[in-house]
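Only one structure is covered here, and it is reproduced in the block below.
Number of protein chains: 2
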Amino acid sequence: MDRFLVISSDTHAGPPTERYREYLDPKYREAFDADVAASEQLIGMRRELIDSAEFEEQWEQETGDGGKQASWDPSARNVELDREGIVAEVIFPDADVLGGGASAPFGAGLGSSGDLDGELVMAGARAHNRWLAEMCSDSPERRCGVATVPILHDVDDALLEIQRIAEDGFRALMIPTLWRSQPAYNDPRYEPVWAACADLGIVVHVHSGGASRDITAERGLVAIYATEAWWWAARPLWVLLWSGAFDRNPSLKFALTEDGAWWLPGVVKRMDEKWVGGHNTAKLGDAFRQNVSRRPSEYFGTNIFVGASTPSREEIERRHEIGIGAFLWGNDFPHPEGTWPHTRQSIRDSFFDVPEDEARQMLGGNAAALYRFDVDKLAQLAEKIGPTVEEVHAVAIAGAD
Amino acid sequence: MDRFLVISSDTHAGPPTERYREYLDPKYREAFDADVAASEQLIGMRRELIDSAEFEEQWEQETGDGGKQASWDPSARNVELDREGIVAEVIFPDADVLGGGASAPFGAGLGSSGDLDGELVMAGARAHNRWLAEMCSDSPERRCGVATVPILHDVDDALLEIQRIAEDGFRALMIPTLWRSQPAYNDPRYEPVWAACADLGIVVHVHSGGASRDITAERGLVAIYATEAWWWAARPLWVLLWSGAFDRNPSLKFALTEDGAWWLPGVVKRMDEKWVGGHNTAKLGDAFRQNVSRRPSEYFGTNIFVGASTPSREEIERRHEIGIGAFLWGNDFPHPEGTWPHTRQSIRDSFFDVPEDEARQMLGGNAAALYRFDVDKLAQLAEKIGPTVEEVHAVAIAGAD
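Chains as they are written, first to last, in our numbering: chain A, 345 to 745; chain U, 345 to 745.
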């Protein structure tokens, strides 16, 4: 095939908020109305804090409706995927982060955390998962929905939901990025979750978005948030790894999505150094080998994957340090910080000098294997819409003249 | 001069714990006894968690007493400084982190945070600062003590202590790394502290050591701590910067000590990208310029300094990215993760290929200017004990043969 089979490891979907109502268990519908009102207040506060009116206007002008229809309508969605050269997608919640109009109920989306009401957030998660299963039943070969499962409050309840979503055909789920007041992910209470996901072949995700609430609003909150957000989402990676979760569950797969990868080689190199042992950590005894049998970097590509949405050139250039087998490209559709509606151009700009076999892995091969897409089915579509090798490498070829 | 004038920007000192008693205001002496007992319990718990008995035995064999005497006795201290080729030092609390026997009272040392009792931690800080002023009065030209000032609980009280330590001749202070339950450092309540330090020419420090308490002990706690510690200490850097503290107080100097520098170019580059503005952050409006008039990297070497204790070769090689004018070498004496008692060798291994003028800046010139050491006085000593340029560059010269 002279075209790339491209899978976006990071897209977002959700219906207009009020439509979640019908997917909620009836007893939560009253609470839902209050939740929607509270969300609207929050959106108002956000607008006080961030003056993005001008940007929003430009964005709607450029994209028509900012991707709103395609956020929930599978046909509209396929049109955008086709236009962008993408055959399949891994779908997270919260499509409309600008307007805040498509967030999973009761905070069950990207901002899910340990400080929420456990019963309500689980109800919200179930509603989103039901809606998402339905959306993914249209062109199912193109979709891998990521169920949201708040595991922090009631592990037994979470295990029931994991069983249920597996029966609904989900191959991926997302856990809250921030445990906040609940025990961290190294705590043994979560062990049955990791075991269940390993057994069921469900890839566990965290996705950036949440952050600490300990920064006051008056000075620099948004800038501090934007500087720190990567770290809050990265944290579960080393907490899980050092806890030995991947050693106790060798088939457990974990992916860190839309969290950049620029920081990863540096952090993992220090973890390796500690594991190997040396002067700086000698006083800490055998702390690094107690639960972990391999060098931390060795878990990348077997257990740990990096949903490196809209990678920078620096990240592309450091792909071997990040791990070619762990690198999952994504376009973050329909978020405005993603590459939509210019993904074809962005792929050319990013991959123009990446050898074809490596680009194939990063743009779709790794994701196909990890999320168990049926590549035979997708290949037919890729042959029609995928970016051609010639097109992606055109700059390099031109440069060689 | 054919020798380097070497200043360690990171050493530690403290008397044996019980000696703090006499430096405490009398009314806190009873509470102090309870605090010592509680600390001993903590040390016991630490020994349960970290099996370092073998290491400690080796360490004492190698060093005699692990640096205990030199932790508080200025004469013994000068012997070690001379032997290591170091003319002057910037002195933080908590000399004996292994045994836990020389920690400032009531948690006022490296672990100071917002969760402590405000009155007690201030009493402990005053006791340490009095002791430290006394120790620094021996060979004062060689010492820059770093007073510890817990600013989180009562800012007025902190301002009184800042005034007092300035009168005692201190040119540096350390604030708690972790605010925990108190407002973060972007909060306007701390503004008088930054203003006072700027006016008095006192360099504000954070020093690594503290970390979040949200990781449970059972699995991987020590490894997770060691992986994260840099971040908790780094956090005040961008919180202060984005809050605009350096713009409102252009003469404010801030140093981040013993926190590595490997992560710094990556983090600062992203801060620069956000400040310059671009696709990824367009939706956040003018959040990055509201309080900050220059590109974040431009504050390094003028307002922000990096106490890069025992730098790795990678950090030395990336010195221009970190900022030659911001880079402060240190040996972390007498901590076992530092280079003592092999600092001369370590300087050769680290700086063998660094041009002389750059090495002079990093090894002592930057610290001399920042901490206002009297270099004329120190030069005489450096001419006797400082590592020679020839000795440091010997490997490179030999390599060039």
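Even for Gly, the Cβ is constructed at its ideal location relative to N, Cα and C.
Sequence-distant residues of the same chain with beta carbon closer than 6 Å to residue i, five excluded per side
{"i": "F436/A", "result": "H356, V490 and H551"}
{"i": "A711/A", "result": "I351, S353 and L672"}
{"i": "I509/A", "result": "N473 and A491"}
{"i": "G453/A", "result": "P437, D438 and S447"}
{"i": "R716/A", "result": "R515"}
{"i": "Y364/A", "result": "P449 and A471"}
Nearest candidate by alpha-carbon position, reference residue i, set the options
{"i": "R639/U", "options": "G553/U, R474/U and W582/U", "result": "W582/U"}
{"i": "A467/U", "options": "D369/U, E700/U and P680/U", "result": "D369/U"}
{"i": "D591/A", "options": "R614/A, G553/A, F677/A and E535/A", "result": "E535/A"}
{"i": "S447/U", "options": "Y367/U, G358/U and A397/U", "result": "G358/U"}
{"i": "V434/A", "options": "V547/A, D440/A, A539/A and R363/A", "result": "V547/A"}
{"i": "K721/A", "options": "A432/A, T361/A, P418/A and R347/A", "result": "A432/A"}
{"i": "S456/A", "options": "H497/A, W416/A and D440/A", "result": "H497/A"}
{"i": "E401/U", "options": "M615/A, A469/A and A626/A", "result": "A626/A"}
{"i": "Q634/U", "options": "W575/U, R579/U and S587/U", "result": "S587/U"}
{"i": "N593/U", "options": "N624/U, D543/U and W574/U", "result": "D543/U"}
{"i": "L522/U", "options": "D500/U, I568/U, L503/U and G553/U", "result": "G553/U"}
{"i": "D501/A", "options": "G669/A, R515/A and G462/A", "result": "G462/A"}
{"i": "E602/A", "options": "E617/U, L584/U, N624/U and Y569/U", "result": "N624/U"}
{"i": "A540/A", "options": "R524/A, T571/A and I506/A", "result": "I506/A"}
{"i": "F598/A", "options": "R579/A, P731/A and H679/A", "result": "R579/A"}
{"i": "G429/A", "options": "I691/A, V380/A and A573/A", "result": "I691/A"}
{"i": "V733/A", "options": "V719/A, E702/A and A713/A", "result": "E702/A"}
Minimum Cβ-Cβ distance from residue i to chain U less than 7 Å
{"i": "D745/A", "result": "The pLDDT assigned to D745/A is 47, lower than 50, so where the model puts this residue is not dependable; a value taken from the coordinates is nonetheless given after this. Closer than 7 Å: no."}
{"i": "N473/A", "result": "no"}
{"i": "T355/A", "result": "no"}
{"i": "L725/A", "result": "no"}
{"i": "E562/A", "result": "yes"}
{"i": "T361/A", "result": "no"}
{"i": "S587/A", "result": "yes"}
{"i": "D498/A", "result": "no"}
{"i": "W576/A", "result": "no"}
{"i": "L349/A", "result": "no"}
{"i": "F399/A", "result": "yes"}
{"i": "I666/A", "result": "no"}
{"i": "D461/A", "result": "no"}
{"i": "G553/A", "result": "no"}
{"i": "W582/A", "result": "yes"}
{"i": "T407/A", "result": "no"}
Cut-off 7 Å between Cβ atoms - residues of its own chain near residue i, not counting five sequence neighbours on either side
{"i": "L628/U", "result": "none"}
{"i": "V566/U", "result": "L393 and I394"}
{"i": "Q413/A", "result": "A420"}
{"i": "M345/A", "result": "A723, A726 and E727"}
{"i": "R746/U", "result": "A query on residue 746/U cannot be resolved here, the shown segment of chain U reaching from 345 to 745 and no further."}
{"i": "A375/A", "result": "L464"}
Other residues of its chain near residue i: CB distance less than 8 Å, five sequence neighbours each side excluded
{"i": "I666/U", "result": "A605, L608, P609, F644, V650, A652 and E659"}
{"i": "G513/U", "result": "A477, C480 and P484"}
{"i": "V612/U", "result": "P640, S641 and F644"}
Beta carbon proximity, residue i to chain A, threshold 7 Å
{"i": "E681/U", "result": "yes"}
{"i": "V465/U", "result": "no"}
{"i": "I394/U", "result": "yes"}
{"i": "N624/U", "result": "yes"}
{"i": "T601/U", "result": "no"}
{"i": "W438/U", "result": "In the sequence as displayed, the identity of residue 438/U is Asp instead of Trp. No, no contact with chain A."}
{"i": "I568/U", "result": "yes"}
{"i": "K371/U", "result": "no"}
Proximity test, residue i beta-carbon vs the ligand NAP heavy atom, cut-off 6 Å
{"i": "L368/A", "result": "Among the ligands in the structure shown, none appear at all, so the ligand NAP cannot be discussed."}
**Q.** Length at least 4, wholly inside the stretch 680–739 of chain A: the alpha helix (DSSP H) runs in chain order
**A.** 687–695, 700–704, 710–714, 719–729 and 733–736
Q. At what residue ranges does the stretch 409–437 of chain A contain a whole run of the alpha helix (DSSP H), taking only runs of 4 or more?
A. 418–428
Q. Looking at C-beta atoms only, is the number of pairs between the stretch 695–715 of chain U and the stretch 730–739 of chain U that lie closer than 8 Å three or more?
A. yes
(Q) Pairs of beta-carbons, one from the stretch 386–399 of chain A and one from the stretch 357–376 of chain A, closer than 8 Å: are there three or more? (A) no
Q. Counting Cβ pairs, one atom from each stretch, are 3 or more of them under 8 Å apart for the stretch 552–566 of chain U and the stretch 522–536 of chain A?
A. yes
Q) Are the stretch 486–506 of chain A and the stretch 397–410 of chain A touching, with three or more C-beta to C-beta distances below 8 Å? A) no
Q. In the stretch 637–683 of chain U, which residue ranges form an unbroken alpha helix (DSSP H) of at least 4 residues, counting only runs that do not cross its ends?
A. 657–661 and 663–666
Q) Enumerated in chain order, which unbroken segments of the beta strand (DSSP E) with a length of 3 residues or greater are wholly contained in the stretch 509–574 of chain U? A) 516–518 and 547–551
**Q.** Unbroken stretches of the beta strand (DSSP E), 3 residues or longer, contained in the stretch 458–517 of chain U
**A.** 487–492
**Q.** Start-end ranges of the alpha helix (DSSP H) lying completely within the stretch 574–610 of chain A, minimum 4 residues
**A.** 589–592
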